[in-house]
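The sequence shown lines up with residues 416 to 746 when you count with my numbering.
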Amino acid sequence: MCIPHHPQYKKRQLQKAHDRAYCFILIVTCLFHHSLCCAWGFSAHRKIVDAAIHHLPSSLHPFFKAHGQWFHDHINDADRRKHNVIEEGRRHYIDLDLYSHSMDSLQDWFPMSYSEATEKWSEDTLHAHGIGPWYAVKTYHRLIAAFDRQEENAILRHAVDLAHYISDLHVPLHTSANYDGKKTGQAGIHSLWETQLPEMFMDSYNLFPSGPKANWIKQTSDAIWSSVFQSHACLDSVFLIELKIRHAFAGKSIDAYVVRGRTRQLMRSPKFANEYHTALSGQVERRMAAACTLVSSLWFSAWVEAGAPVMAAETPAKGTKWKKILDWLLK
Ligand SMILES: [Zn+2]
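Encoded structure:
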């Protein structure tokens, strides 16, 4: 029996309060850690999903539109999984420059099936260099099977993961071993390109340069690898232009505390980011628009491959109180 004024009781209450505070701090720390390390950042990933839904034809659009909030809530689940699924990390990138620095050689070798590639380089090598394109293809086939079985939960799960992996592969730095510029003295370039620039400028982007249109893709593996090569081809300018802006800032600080959501973070200064973005001449916008079109086209193609089943468009039930709290923390 516990006596409220007994020292032992007070000690236990204090311990409980301490445990609760520790859990809260842990959750908040994890959430902010996610917000700093996610490819494209939360808001850009969400914008890609919104645009991809908008690209869909009328036969498929209502189903995806009805689950728009669900897609917002789960678009970064793949990044969250990295903390408890050991093999998840390697699914988000491929370090093509570890295979070769020659684009001709890379395009001669890829696309190559996963089993052929393991024979040529060993599975350990593939794991070490990242398996992004192969895993995106695998997720695409899981989506076809989910459409075929008419399993709504599986359709949503594979569609949102496919959107995440494809979006990641449109980031040039997800195709290089120098993914954060550390090898060239440009540390921090990763979050600058894929998070800070979209957050600053994406409201002005045209993500439908040729109008909203999802295309049926016959050779999906070729299309995915082609987008990876396009990302990889951007790398030279990603690094060279950043270096040029750095030199222009010689003697001046390139960092500043920037208000981001409800926190202040040390990032590249808005002036530096602005000059880099201008010098990139629409590169981030083009990669983002390409991601929207490919995500949408792959959703549409998977549905066609499954025989174009009729999709019910019921709006799911609203989120719980806990979810609202999490949303508030993530804003
Ligand atoms: Zn990712």
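Backbone N, C-alpha and C define an ideal beta-carbon position, used for all residues, glycine too.
Computed from a predicted model, the values in this text were never measured in an experiment.
8 Å Cβ shell around residue i - same chain, five flanking residues per side excluded
i      : result
CYS445 : Reliability of the predicted coordinates at CYS445 is poor, the pLDDT of 38 falling under 50, and the value obtained from them is presented with this limitation in mind. Taken in chain order, the residues that qualify are HIS498.
ASP523 : none
Heavy atom of ligand 1 within 6 Å of residue i beta-carbon
i      : result
HIS507 : yes
ASP563 : no
ASP512 : no
ASP595 : no
ASP494 : yes
ASP583 : yes
Residue closest to residue i, alpha-carbon to alpha-carbon, out of the options
i      : options                        : result
LYS480 : GLN565, ALA706, ALA467, TYR594 : ALA467
ILE570 : MET615, VAL699, ARG495, HIS489 : HIS489
PRO587 : PRO624, MET703, SER711, ASP465 : MET703
LYS667 : PHE654, PHE687, ASN621         : PHE687
HIS487 : ALA574, SER473, ILE546         : ALA574
HIS470 : PHE623, ASP670, LEU655, MET617 : PHE623
HIS662 : ARG675, GLU690, TYR672         : GLU690
PHE654 : GLN565, LYS598, VAL500, MET527 : LYS598
ASN568 : SER530, ASP670, THR540, TRP485 : TRP485
C-beta atoms of residue i and residue j nearer than 7 Å
i      : j      : result
ASP510 : HIS544 : yes
ASP576 : ALA629 : no
TYR555 : LEU709 : no
GLN611 : GLU657 : no
ALA706 : HIS585 : yes
GLU614 : TRP455 : no
HIS605 : TYR620 : no
VAL643 : THR590 : yes
LYS592 : LEU513 : The identity of residue 592 in the sequence shown is Ala, whereas the question assumes Lys. Contact flag set, yes.
ALA728 : PHE478 : yes
ARG505 : HIS542 : yes
GLU502 : ARG496 : no
ILE463 : SER582 : yes
beta-carbon residue i near ligand 3 non-hydrogen atom, thresh 6 Å
i      : result
ALA574 : In the structure on display, ligand 3 does not appear, and the ligands it does have are ligand 1.
Chain-order list of residues whose beta-carbon lies under 6 Å from that of residue i (same chain, five-residue window excluded)
i      : result
GLY626 : none
PHE447 : Residue placement at PHE447 is poorly supported in this model, since its pLDDT is 39, which falls under 50; the coordinates are not used for a value here.
Cutoff 7 Å; reference residue i; Cβ partners in own chain excluding five residues on either side
i      : result
SER641 : none
VAL552 : THR635, SER636, ILE639
MET726 : LEU475, PHE478
ILE440 : Note that ILE440 has pLDDT 42, beneath the 50 cutoff, so the model's placement of it is unreliable and the number below is only indicative. Result list for ILE440: empty, nothing under 7 Å.
SER515 : LEU521
Next item on the list: Would you be able to state if there are at least three C-beta pairs under 8 Å between the region 665-683 and the region 554-565?
Entry: Output reads no: the region 665-683 does not touch the region 554-565.
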